[in-house]
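Trainee: Using UniProt numbering, the letters of the sequence shown map in sequence onto residues 1 to 119. Following this message is one structure expressed as structure tokens.
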Amino acid sequence: MAFADKQISCRDCGNIFVFTAGEQEFYANKGLMNEPTRCPSCRSARRSSQSSLEQADGYVRYGNFASFGGKTPRQMHPASCAECGQMTEVPFVPRGERPVYCSNCYSKLKPPREEVARQ
Numbered sequence: 001m002a003f004a005d006k007q008i009s010c011r012d013c014g015n016i017f018v019f020t021a022g023e024q025e026f027y028a029n030k031g032l033m034n035e036p037t038r039c040p041s042c043r044s045a046r047r048s049s050q051s052s053l054e055q056a057d058g059y060v061r062y063g064n065f066a067s068f069g070g071k072t073p074r075q076m077h078p079a080s081c082a083e084c085g086q087m088t089e090v091p092f093v094p095r096g097e098r099p100v101y102c103s104n105c106y107s108k109l110k111p112p113r114e115e116v117a118r119q
């Protein structure tokens, strides 16, 4: 497939930038379907601002759809341990149909893991 240079308007600054034939070929080889929407300077500015945010708040951002390690800390919900009655926090909403245990009681109830023999 022959690629030709394209002029694209940057979504951040509005300036026109060139999406070269070489860049288009690179995108095609990597299986990338979408064309870039930001000019190179806005892309680098966005990357640097995201990395500075990670350093500031300590959270690593893997994308909008990450469930763990995403933009916000995991929400914890209060619950009473079914064994000892102590208040604890769990990462799910306790519904009452199944018992919830604190970490100490859970470790007592949980069967020990069997080691798999390696050959």
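Glycine residues also receive a C-beta, built at the ideal position from the N, C-alpha and C atoms. Since the model is a prediction, treat every value here as computed from it, not as a measurement.
#1: Would the beta-carbon of residue 82 fall within 7 Å of that of residue 100?
#2: The alpha helix (DSSP H) that contains residue 23, what's its start and end?
#3: Just to check, is the beta-carbon of residue 79 closer than 6 Å to a non-hydrogen atom of the ligand MN?
#4: With burial defined as no fewer than 16 other Cβ atoms inside 10 Å of the residue's Cβ, what is the status of residue 84: buried or exposed?
#5: Run through the UniProt domain "CxxC-x17-CxxC" (74–109) for me and flag every whole beta strand (DSSP E) of 3 or more residues, listed as ranges in chain order.
#6: Out of 95, 18, 44, 39, point me to the one whose CA is closest to residue 6's CA.
#7: Based on the DSSP output, what are the partners of residue 9 in its beta bridges?
Mentor: Taking the definition as stated:
#1: Within the sequence shown, the letter at position 82 stands for residue 82. Within the sequence shown, the letter at position 100 stands for residue 100. Taking 7 Å as the Cβ cut-off, residue 82 and residue 100 qualify as a contacting pair.
#2: In the sequence shown, counting from the first residue as 1, residue 23 sits at position 23. Per DSSP, residue 23 belongs to the alpha helix (DSSP H) from 21–30.
#3: No copy of the ligand MN appears in this structure; indeed no ligand is present at all.
#4: Here the question's residue 84 lines up with position 84 in the sequence shown. Around the beta carbon of residue 84, a 10 Å sphere encloses fewer than 16 other beta carbons of the protein chains shown; the residue is thus reported as exposed.
#5: For the UniProt domain "CxxC-x17-CxxC" (74–109), whole beta strand (DSSP E) runs of length 3 or above, ordered along the chain, are 77–80, 87–90.
#6: In the sequence shown, counting from the first residue as 1, residue 6 sits at position 6. Per the Cα distances, 18.
#7: The residue labelled residue 9 in the question sits at position 9 within the sequence shown. As DSSP reads the structure, residue 9 sits in a beta bridge with 16.
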